[in-house]
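In the working numbering, the protein residues as written are 1 to 416.
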């Protein structure tokens, strides 16, 4: 558009002179053209600027598109990488969570098993305790039932035994009454066969009966006068019998002179007399106890005169409390542990070759007696009265004589 303008200017210059009249018109037209071209130029520049701007904008848009595309690619790659990382992290987290859950499950399962085991153990323990209580209750009940049954059985057996023994005693007393028909005025049995029958039945009855009924048998024989007869050798009804626990003393309501029950010619040879009682008994005419067992017998309040205990009998642990002895001899019989405590009198008694180990003579009254050839080791003789005593060939080791009255006592060949 600039080229036509330059051409017109040159033509105007050449025709300046010729067309002076048209000068004003030309200026006018120029002004008009100038006024028209200025906006056009401005519009052109504006268009160009717009195009430039559009191009720049297009370029910028393309750059932006490229940048955005590159960014999208980068973002996509980063997103892919991030997703990969996220997936890896998620995988690791999932694996760790799975492992943790597995460990937690194992721990939970272990704790649950422990809890179940504890519950099962406690339940089993409770069941065992309950079963044991039930068994204990059953055993206790069973034991109680057995005890009651045993008590009832024992009671029945005892009643039956009592009836049986009562029957034996009654039968024996009836037989004895029949045998007494053959006893003469001197207390002798007229026929030997009746004596043998009496001895046999007496021995059988004393063997089968208890001490209380044995005592009744012995007192029945005594009341029948059969214990006051001087029997020949082995014909005594008490020969070789079981008289353990028999009370030879006065029975209830029995009265004699000086409250003593007297036995004349008492003959009990080869008999078992353990724990027998001779309480308040008077023995006359040298009774015979040869080869009998007199251990643990009680001679309290007994009165013995001119009697000799010999013949291989035993009297260990016998008791002679409140007894009254005159001229009593103990010869070659064991008397260990005997007790003469608080006896009334022992005058001119003799103990020879008789062991008296651990014997009790404290508070005893013994006069003019002799202890010869024996051992009294560990004997207690404290506060006893031993006036006029003779101690010869004795073993008195550890014997206690504290407070004893030994006035006139003689000691010969004594070891202390």
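We treat Cβ as the ideally placed atom computed from N, Cα and C, and that holds for glycine.
Over the uninterrupted alpha helix (DSSP H) stretch that includes residue i, give me the two end residues.
i           : result
residue 212 : 211-223
How would you write the range of the beta strand (DSSP E) that residue i sits in, first residue to last?
i           : result
residue 395 : 390-395
residue 264 : 261-264
residue 362 : Per DSSP, residue 362 belongs to no beta strand (DSSP E) and is neither H nor E.
residue 304 : 303-309
Three-state secondary structure (DSSP) at residue i?
i           : result
residue 284 : strand
residue 412 : strand
residue 327 : strand
residue 297 : coil
residue 406 : coil
residue 243 : coil
residue 386 : strand
residue 267 : strand
residue 378 : coil
residue 228 : coil
residue 43  : helix
On the DSSP bridge list, what partners appear for residue i?
i           : result
residue 371 : 351 and 391
residue 278 : BP columns for residue 278 are empty, so no partner.
residue 339 : 319 and 360
residue 346 : 325 and 366
residue 314 : 293
residue 35  : BP columns for residue 35 are empty, so no partner.
residue 272 : 242 and 293
residue 400 : 380
Indicate, with yes or no, if the ligand SAH has a heavy atom lying under 6 Å from the CB of residue i.
i           : result
residue 127 : Absence of the ligand SAH from the depicted structure is noted, as is the absence of any ligand whatsoever, leaving it without description.
Looking only at its own chain, which residues have a Cβ that is under 8 Å from the Cβ of residue i, when we skip the five neighbours before and after it?
i           : result
residue 91  : none
residue 235 : 195 and 199
residue 413 : 392, 393 and 394
residue 208 : 165 and 168
Looking only at its chain, what residues have a beta carbon closer than 6 Å to the beta carbon of residue i, apart from the 5 residues adjacent to it on each side?
i           : result
residue 405 : 385
residue 169 : 213
residue 228 : 264 and 265
residue 248 : 278 and 281
Short of 7 Å in beta carbon distance, which residues of its chain neighbour residue i, apart from the five on each side in sequence? Order them along the chain.
i           : result
residue 237 : 198, 199, 202, 221 and 226
residue 381 : 361, 362, 399, 400, 401 and 404
residue 67  : none
residue 339 : 319, 320, 321 and 360
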